[in-house]
Amino acid sequence: MPDSTSSRLAGHALVEALVAQGVDTVFGVPGESYLAVLDGFHEHRGQIRFIACRQEGGAAFMADAHARLTGRPGICCVTRGPGATNAAIGVHTAFQDSVPLILLVGQVASDQRDREAFQELDYRHVFGPGTLGMAKWVAEVHDANRLPEYIARAFHVAMQGRPGPVVLALPEDLLTTPTAAPVLPRVEPAEAWPAPGALRDLRTKLLAAKRPFMIVGGHGWTRDSALALQRFAENWQLPVGCAFRYQDTFDNRHPQYAGDVGIAINAALAKRIRDESDLVIAVGMRLGEMTTSGYTLLTPPRPRQVLAHLHPGPEELGRVYTPDIALQASLSCAGKALETLAAPPELPWGEWTASAHGDYEANREHPAVEPLDMAVVIKTIERLAPADTVYTNGAGNYAGWLHRYLRYRGLVLAGKTQLAPTAGSMGYGLPAAVAASLTQPHRWAINLAGDGDFLMNGQELATASAHGANKLISIVVDNATYGTIRMHQEREYPGRVSGTYLANPDFAALARAYGWQAATVARTEDFEPAFAAALEADRPSLLHLKLDPDVSHTRGTLTSIREAALARQSAGG
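Just so you know, we're using our numbering here: the sequence shown kicks off at 10 and counts up by one.
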């Protein structure tokens, strides 16, 4: 790397600044607006690699997944206009999921600004910041000598408080300007600890409770903090649920685990939280629509239960729900802070906690389904895959089988094992699995995708092949429909199907065309040998699961949904 007095292109200085921040992998789609940066990747190819993806949405999802696994901002490079707007889905997902991500956008040359030049956009408006926006900070760099300053600030903003995405626009001429500006040191986020008084108040509320419940989630946990959180839960014998798509925050095999608090929540768990609990301790996540079952488990703005809410972002505390106790803390500190609360020798809710775990275990039971039983498929995957496997998915009813039947290992045991968008972004799972395989090649990455979901970013099969993402299995659940929307159609407009039928390719043949191993599975008994063969393969594998279109989700069929809707209409008419 050049010393601080040597002059080089600003595009090269940008790459050096990324290396100084510990970045070793960048995802993107190349563009002529940032050729100087691409040349910088070549110059420093021994320290950093550029993963060329096939569409900017897939690249942004890969950067998001990389951030979830490493705890540092994922980096995505795209060109102006269409490149940036394609990547917007990843920025929005990172914002709603509180994931640190930095999107670097090649911008039109400075002397062409404000003329509606080729592919010109004002990214400060496109990605306008705010609590309902798409990014925490959006800026355009105009001085090559300040470029390292902007990069360092981008890392600060992305990681501080509630993590999230940052967008930097980089004019083409700026990137080719020589600069001697030195890179800045590696940024580490400041850690916030909860106020001691608030912790004492929480202990007082715990001592007064009879049926407490803890919900955990969010981005930014470390293994040490997650272990301390587990000790806090054990010391106080608390039942623990994991927020929507944060099921790996707490070990699902733990005797105090009560289940996932999200879409298609176990009815017994919903009743326990909504009607029976008297204290809810929410740690780490937003109390959003999916985690609260449409804001019904807790009634806004003032819940029936005593509410203690811990979150790294002060703007989130009290935004929807007025908590009795608000604790601001970085998640790297949260578990350690909670662990300091001494529990009494005896607690009155041991049976309450045990029955919560019993309800979770009962919810994993399932009736047999023919000819292909997705519950058996998921349980087979769990049995055969290594314990530290990373599981990814996008959006759709198919994900319900993962949420209900897979027992995610906790952060304490295996690190991140669940990469899934709380923003409900279709097409997330395959790029995330590719990124996981490239980021941590010693671990297996398994993607579960619906047929509609998969083809949103199916072209990233090529990225896996090109860059050696070999410990990767993608399982495509094909029921020839946009299953979630079809389910809602049948519930609201029974029998009136419109826009949800899908004409699908032979997914196995498609995967083979990209150099993947592939197989088609239509019966339960054929899945295990196909999956075992995929684990033995020396290249990525795709399994095409042919599912009866009537099999809608884990709790019913389209026929049963339609019949119930018609019965309601008849009773109402």
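Just so it is clear, CB atoms sit at the ideal spot from N, CA and C, and this is done for glycine as well. On a predicted model such as this, the values are computed, not experimentally measured, just so you know.
Item to complete: Starting from the N-terminal side, write out each stretch of the beta strand (DSSP E) that is 3 residues or longer and does not extend beyond the stretch 341–389.
Response: none
Practice prompt. Under the assumption that V32 contacts H53 (Cβ atoms under 8 Å), give the Cβ distance between them as a whole number of angstroms.
Written response: About 11 Å; that fails the 8 Å criterion.
Discussion item. Rounding to the nearest angstrom, what Cα-Cα distance links R452 and S569 in this structure?
Written reply: 40 Å
Practice prompt. Using a threshold of 8 Å, state whether the C-beta atoms of L238 and A343 are closer than that.
Written response: yes
Worksheet item: Tell me which same chain residues have a C-beta within less than 6 Å of the C-beta of A546, skipping the five on either side of it?
Response: Q526
Worksheet item: To which residues of the same chain is D260 closer than 7 Å at the C-beta, ignoring the five residues directly before and after it?
Response: Y266, R418, G419, V421, L422
Practice prompt. Note down, in chain order, each residue of its chain lying with its Cβ closer than 6 Å to the Cβ of L319, except the 5 sequence neighbours on either side.
Written response: V292, L336, A338, A343
Item to complete: Identify whether S13 lies in helix, strand or coil by the three-state DSSP scheme.
Response: In this prediction, S13 has a pLDDT of 48, which is less than 50 and means its spatial position is unreliable; what the coordinates show is noted afterwards. Correct three-state label for S13: coil.
Worksheet item: Given that a residue counts as buried once 16 or more other Cβ atoms are within 10 Å of its Cβ, and exposed if not, what is L296?
Response: buried
Fill in: Residue burial classification, G250 (beta-carbon count within 10 angstroms, cutoff 16)
buried
Practice prompt. Assign H583 to buried or exposed, taking buried as 16 or more other Cβ atoms, counted over all protein chains shown, within 10 Å of its Cβ.
Written response: Only positions 10 to 582 of the chain appear in this structure, which leaves residue 583 out of reach.
Fill in: Proximity below 8 Å, CB of V117 to CB of R89
yes
Item to complete: Take V196 and list the residues in its own chain whose beta-carbon comes closer than 8 Å to its own, dropping the five residues that flank it on each side.
Response: Q30, A161, F164, H165, M168
Fill in: Sequence-distant residues of its chain with Cβ nearer than 6 Å to A45 (five each side left out)
L18, G20, L184, T185
Worksheet item: Of all the alpha helix (DSSP H) runs that stay within the bounds of the stretch 99–152, which reach a length of 4 or more residues?
Response: 132–135
Practice prompt. Determine the direct distance from the alpha carbon of P109 to that of G6, and round the result to whole angstroms.
Written response: In the structure displayed, the chain extends from 10 to 582; residue 6 sits before or after that span and is not available.
Worksheet item: Between the stretch 84–101 and the stretch 53–66, do three or more beta carbon pairs fall short of 8 Å?
Response: yes
Worksheet item: Does DSSP classify P157 as helix, strand or coil?
Response: helix
Fill in: Inter-residue spacing [alpha-carbon to alpha-carbon] between T472 and R124
36 Å
Worksheet entry | Residues near N466 by beta carbon distance below 6 Å, same chain, minus five either side | G67, G436, L439, P440
Item to complete: Assign T568 to one of three DSSP states: helix, strand, or coil.
Response: helix
Worksheet entry | N-terminal and C-terminal residue of the beta strand (DSSP E) that D182 is part of | Note, D182: premise wrong, no beta strand (DSSP E); alpha helix (DSSP H) at 181–184.
Worksheet item: With 8 Å set as the bound, which would you pick, yes or no: does the beta-carbon of A19 sit closer than that to a beta-carbon of chain D?
Response: Looking at the structure shown, chain D is missing, and only one protein chain is on hand.
Item to complete: Specify whether the stretch 401–409 and the stretch 481–494 touch according to this definition: at least 3 beta carbon pairs, one from each stretch, less than 8 Å apart.
Response: yes
Worksheet entry | L316 - containing alpha helix (DSSP H), residue span | No alpha helix (DSSP H) contains L316, which is instead part of the beta strand (DSSP E) from 315–320.
Worksheet item: For R232 versus G424, is the C-beta distance shorter than 8 Å?
Response: yes
Fill in: Three-pair Cβ contact test at 8 Å for the stretch 294–310 versus the stretch 352–365
no
Worksheet item: Is it the case that the Cβ atoms of L411 and L381 are separated by a distance below 8 Å?
Response: no
Worksheet entry | Separation of E379 from F222, as counted between CA atoms | 37 Å
Worksheet entry | Burial state of R171 (16 or more Cβ within 10 Å) | buried
Worksheet item: With distances taken between CB atoms, is the gap from A93 to V114 smaller than 8 Å?
Response: yes
Worksheet item: CA-CA distance, D515 and V560?
Response: 20 Å
Worksheet entry | Beta-carbon separation (whole angstroms), P198 vs A346, contact threshold 8 Å | Not really, about 16 Å apart at Cβ, beyond 8 Å.
Worksheet item: Does the distance from the C-beta atom of D460 to that of V443 stay below 8 Å?
Response: no
Item to complete: Between the Cα of Y304 and those of V135, R283, I57, spot the shortest distance and give me the residue it belongs to.
Response: R283
Worksheet entry | Nearest to A541 (by Cα), restricted to the options G504, I482, H497 | I482
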